[in-house]
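A.B. asks:
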Amino acid sequence: MHQHTTALQSSEKLPKIVLVGNPNVGKSVVFNLFTSRYVTVSNYPGTTVELANGIANIKGIRYSVLDTPGVNSLVPMSEDEVVTRDILLKESPEVVVQVSDAKNLGRTLFLTLQLAEMGIPMVLNLNMWDEAMDKRIVIDTAKLSELLGVKVITTIATHRKGTTELVSSISNAQKSVLTAKYSSDIEDAISRIVSLLSDLNIPKRAISLMLLSGDATLKEWLKDKVTYEKLSQIESIVATLQSSYAKPLGYIINEQRQSLVEEVVRSVQKVRQKSHSTVADKIGSLCMHPVLGVFVLAAVLYAMWWFVGKFGAGDAVDLIESRFFGGTVAEEKFKVSSDKVSLHNLKDPNLYGDGDIRITATNSGGDYVFKLEEKKEDAFTPLDDANIHIIKISNDVRFSDVRAVGGGTYTVNFAGGGDVVVKVYQGLIIPFLSRVIYDYSPSKFLTRLLVGEYGVLTMAITYALAIVFPIIITFFLFFSFLEDSGYLPRLAIMSNRIFKMMGLNGKAVLPMVLGLGCDTMATLTTRILETKRERIVVTLLLTLGVPCSAQLGVILGMVGSPFTPAGAIWLGIIILVIFVVGYLASKVLPGDKSDFVLEIPPIRFPQLSNILIKTLARLEWYVKEAVPLFIIGTLVLFALDELNLLVKIQDVASPIITGLLGLPKETTGAFVIGFLRRDYGAAGLFSMDRQGLLTANQAVVSLVTITLFVPCIAQFLVSIKERGLKTTLYMVTFVFVFAIGVGALLNLFFKVTGIVL
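Take 886 as the starting number for the sequence shown in this note's numbering and just add one per residue.
1. For Val-1226, name the three-state secondary structure that DSSP assigns.
2. According to DSSP, simplified to helix, strand and coil, what is Ala-1264?
3. Residues bridged to Gln-1059 by DSSP?
4. Who are the near neighbours of Lys-1108 in its chain, counting only those whose CB is closer than 7 Å to its CB and skipping five residues on each side?
5. I believe Val-984 touches Ala-1058 by the beta-carbon criterion, under 8 Å. Please report the beta-carbon distance rounded to the nearest angstrom.
6. Based on the DSSP secondary-structure assignment, which residues constitute the bridge partners of Val-1023?
7. Looking only at C-alpha atoms, which of Glu-1206, Ile-1598, Tyr-1339 and Ser-1076 sits nearest to Asn-1529?
8. Whole angstroms is fine: what's the gap from Gly-1554's alpha carbon to Thr-1519's?
9. I'd like the ranges of any beta strand (DSSP E) spanning at least 3 consecutive residues and lying wholly in the segment 939-1023.
10. From Phe-1354 to Thr-1112, what does the alpha carbon distance come to, in whole angstroms?
11. Check whether chain B comes within 8 Å of Asp-986, counting only Cβ atoms and requiring the distance to be less than that.
12. Going by DSSP, what residue range makes up the beta strand (DSSP E) through Lys-901?
13. Thinking Phe-1209 and Leu-1367 are a contact (beta carbons under 8 Å), I'd like their distance in whole angstroms, please.
14. Going by DSSP, what residue range makes up the beta strand (DSSP E) through Ile-1038?
15. Would the segment 1593-1612 count as touching the segment 1408-1416 if we require 3 or more Cβ pairs under 8 Å?
16. Just to confirm the assignment, what range does the beta strand (DSSP E) spanning Ala-1393 have?
17. How would you write the range of the alpha helix (DSSP H) that Val-1589 sits in, first residue to last?
18. Near Thr-1332, which residues of its chain fall below 8 Å by C-beta distance, leaving aside the five closest residues on each side in sequence?
19. So is Val-956 buried or exposed if we call it buried at 16+ other beta carbons inside 10 Å?
20. What is the DSSP secondary structure of Val-1282, reduced to helix, strand or coil?
21. Per DSSP, what kind of secondary structure is Asp-1109 in: helix, strand or coil?
22. Since Leu-918 and Thr-1026 are thought to touch, with beta carbons under 8 Å apart, how far apart are those beta carbons, to the nearest angstrom?
23. For Val-1149 and Ser-1434, I'd like the C-alpha separation in whole angstroms.
24. Can you tell me the Cα-Cα spacing of Thr-1266 and Ala-1584, whole angstroms?
25. Tell me which residues share the same chain as Trp-1014 and place their Cβ nearer than 8 Å to its Cβ, disregarding the 5 neighbours each side in the sequence.
26. Give every residue of the same chain whose Cβ lies closer than 8 Å to the Cβ of Gly-1445, excluding the five residues on either side of it in the sequence, and list them in chain order.
27. Locate the alpha helix (DSSP H) running through Ala-1470, then write down its first and last residues.
28. Could you say if the segment 1162-1179 and the segment 1134-1153 meet the contact criterion of at least three C-beta pairs nearer than 8 Å?
29. Specify the secondary structure class of Lys-1132 as computed by DSSP and reduced to three states.
30. Would you report the Cα separation of Glu-1031 and Glu-1140, rounded to the nearest angstrom?
31. Should Gln-1311 be labelled buried (16 or more other beta-carbon atoms within 10 Å of its own) or exposed?
32. How big is the Cα-Cα spacing for Gly-1547 and Asn-1632?
33. Counting only the same chain and skipping the five closest in sequence on each side, list residues whose C-beta sits under 6 Å from that of Leu-1642.
34. Considering only their Cβ atoms, is the gap separating Leu-951 from Leu-904 smaller than 8 Å?
35. Any chance the CB of Ala-1524 is under 7 Å from a heavy atom of the ligand NAD?
36. For a quick check, are the C-beta atoms of Ile-1137 and Ile-1055 less than 8 Å apart?
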C-alpha cells in the first residue's frame, strides 16, 4: 500500500531514482512497478501532492525511489513544481526516469530539455504507448534515443508491457546530449552567472536559466551559498537583460526552447490520419457536449446517489450496523415488586420493520420473567431474534444470571426490590462484547467507557466502521471508477462556465468533487490551482458546504434522495450557499484569475485492479487517519458526560439549538462532536432520526446546519498547514456563524410559512 513522506528520510544512504513527469502520465503506476508499493493513481493533474518513497532492487543493487508531483516546467509556477525542482537540485539523484505521455511528445521534450540542462543521468519512458498507437502516432524511438543520447523505453504500464526493459535500463542511464542554443545575449548572461557560481557543486547552466526565467524561489536557497555581492551581481545581470526585451525573459527562453523541441518532434514523429472515430472518442465528445453533456452529468450524479446514498448509506449500513454490529434498540426501566406486572410498548421503527416492541415483566416465585413480543398485523408474537440485557441499578445483574427460556422469554432472580433497566439488543458484535464486559469488567467506569452511551465500542467503533465505513467504501469505488475512466477532466470543462462566475475556473471542480469523498484530501488537492486567491476560495467552499462521502451518505440516508421535498430543500440551500459565498469571496479577496489549461486524456474503460487498489489505498488512509479521530471524539463526549459538562454545554447551547434552530436539546451532542468530525456529527443526527427523535422539518434544519458547520479536526489542521493559521481561523469563525445563521433562517421560514414536510 502507499507510503507518504513529508521529508526524505532513510536509514540507509541508497542511490536515488527520481520519477519526474508531467501530470497524468502514469508516474504512480511506474512507481508501483519499481517498488511494489502504491501511490494513488489519477487521471487528472495534482493527485500526487506528497512525495512517496520506496525501495527497488535492480540487478542486486538497492535504490531509493522517489515519486514526485506532476510538473510542466522546472521553473515553478506552483508548490508541486517547487517540490520537484528542489528534489532534483538538493537530493542529487543518481538517475531520473522521465515518465511521459507518448501521445504528447512536444510537451514531453520541453521537460526533457530542462532535465538535460541539469546534467543528471536519465531514462525517457514513453508511457501509454497503446493510446499513441490508437491515435495513429508513430515515433521513431531509435532516432529519438540517438538525438537525446539516452535510453528511450516504450511502456503500457497499466498492463506491465515494457516495464521489465524500463527497470533494466536504470543501470544504463546517461546524461542527455540535447542542448538548446539560445540567442547570444542570453548565452552571454548564462556564462556570466555560471562564473559567479563557479565554486558551487550544482548544475550551473540550469540554475542560470532558472534565474533568468524569473524563478524567485531560488533566491532564498542561493543566499546560503553565495555572498551578498554575488547575489546582487546576478540580480543586476537578470535585470539588465530583461530591460532589453518587452516580453518576460522566461517567455523568450521558453520560445527558444520550444523551437528546438518542435524541430526534434518533426524529425521523429509522424501522425497518420485516422480512418474513423472510435467508440471512446465518441463517448469523450458526448461528455463535453454543451447540451448532451449535461444529461451525462445528471446520469453520473444519479448513479452516485444510487450507489453511495441508496446502496451504501442504506442497504450496506443496515446490513452491517443492524445485523452485524448491532447495539441497543430498546430500553425501559421497571420497578421491581412482588405483585406487580409492568407492560410497556416501545416504538422502534428500525427493529424488524415498523412494529412495536412489548416487554412484559412478571413476578413468578422470586424469579422475574421478561417476555419480548413484537406487534405484527395487530397481534403480538414472540421476538426471538434479539438479546435481552437486564441490569439491576442497585446491584448489577450479570449477563450470566439472565436465563433464556425460549419464545422470547428470559428469567432472572433479584435479591430484593429496586429499579431494573431492561435493554434489548440486536446484532452480533456489540451484544457479545457487552455481555463479556458487563460480566467481567473490574469497574463500572471501564464498563461505561467501553459499552456505555458514549462508549468507545458502542459509539466510536460502531459509528466509524458500521455507519461511515460502508459509505466511504462505496464513494471511493465510484470516484475511482470516474478517475480511471478519464471523465473528471471533462467534468472540469463542463463546469468551467459555472466556476468562472465565482472567479474560478473549471479546475476548481476537481478538489470540489474529491471533497465529496474527503475534504481533508481535497484541501491538499487545491495545490493544483494556480493562484493563492483561488486556493483560499476553494478551501473556504470545502470548509463551508461540501459534505464528505460519509456525511453525504448519512444525509442522503435521512432525506431519502435529492428528489424528495426534504432532499430538494437541503440540496438547493447548499448549492445556493456555495454559489453566493464563492461569488462574494472572489470579489472581496484580492488577486488575478488564472488561465484555464487542462489536458484531456482519452476515455478509457476502467480497470478493476486500478479501482480496487486506489480504493484500498484510500481506505487505509481512512482507517489510519480518521478512525482515531472518531475515538478521540467519543472520548471527549465521554469525559464531558462523566464530568456532567455535556449537560452544561447543552444548557449553554440550548438557546441556539432549541431556540434559533428549533432542534431537540439532545442534538447538542451531535454538534459538539461535529467540531471533531462533521460526518460523526451527521452520524449522530442519523441515529436520532432513526429513533424517531427528529421531525422532518427538524431533520432538514439540522442537516443544513451540520453540512455548513465547521470543518473536522483533520481538515482544520490541513487548512492551517496549507493556508496558514490566521486565514484558517478567519474561515472557521465565518463558517460557524454563517451555518447557525442559515439554520436559524430556515427554521424561521418553516414556522412563518407553516410548511410541514
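No residue lacks a Cβ here, since even glycine has one placed at the ideal position from N, Cα and C.
C.D. replies: Answer, in terms of the structure:
1. Confidence in Val-1226 is poor, its pLDDT being 43 and thus under 50, which makes the residue's placement too unreliable to answer from.
2. strand
3. Met-1007
4. Around Lys-1108: Leu-1116.
5. That pair is no contact at about 14 Å.
6. DSSP lists Lys-1155 as partners of Val-1023.
7. Tyr-1339
8. Approximately 10 Å, taken between the alpha carbons.
9. 946-952, 980-986 and 1007-1012
10. 56 Å
11. The displayed structure is made up of one protein chain only, and chain B is not part of it.
12. 901-905
13. Wrong, their Cβ atoms sit about 29 Å apart, outside the cutoff.
14. In the DSSP annotation of this structure, the continuous segment of the beta strand (DSSP E) that includes Ile-1038 starts and ends at 1037-1039.
15. yes
16. Per DSSP, Ala-1393 belongs to no beta strand (DSSP E) and is neither H nor E.
17. 1581-1592
18. Once the five neighbours on either side are set aside, the close Cβ partners of Thr-1332 are Ile-1322, Tyr-1323 and Ser-1326.
19. Looking at its Cβ environment, which holds 16 or more other Cβ atoms inside 10 Å, Val-956 is buried.
20. coil
21. coil
22. Not quite, the Cβ-Cβ distance comes to about 19 Å (not below 8 Å), so this is no contact.
23. 47 Å
24. 33 Å
25. Ala-987, Thr-1039, Thr-1040, Ile-1041, Lys-1046 and Gly-1047
26. Ala-1451 and Gly-1452
27. 1450-1473 is the span of the alpha helix (DSSP H), which, as asked, contains Ala-1470.
28. Result no; under three Cβ-Cβ pairs closer than 8 Å.
29. coil
30. 24 Å
31. Buried, by the Cβ-count rule.
32. 6 Å
33. Pro-1450, Ala-1451, Ala-1581 and Asn-1582
34. Against a cut-off of 8 Å, the Cβ pair of Leu-951 and Leu-904 comes out as a contact.
35. Although the ligand NAD was asked about, the structure shown includes no ligands whatsoever.
36. No.
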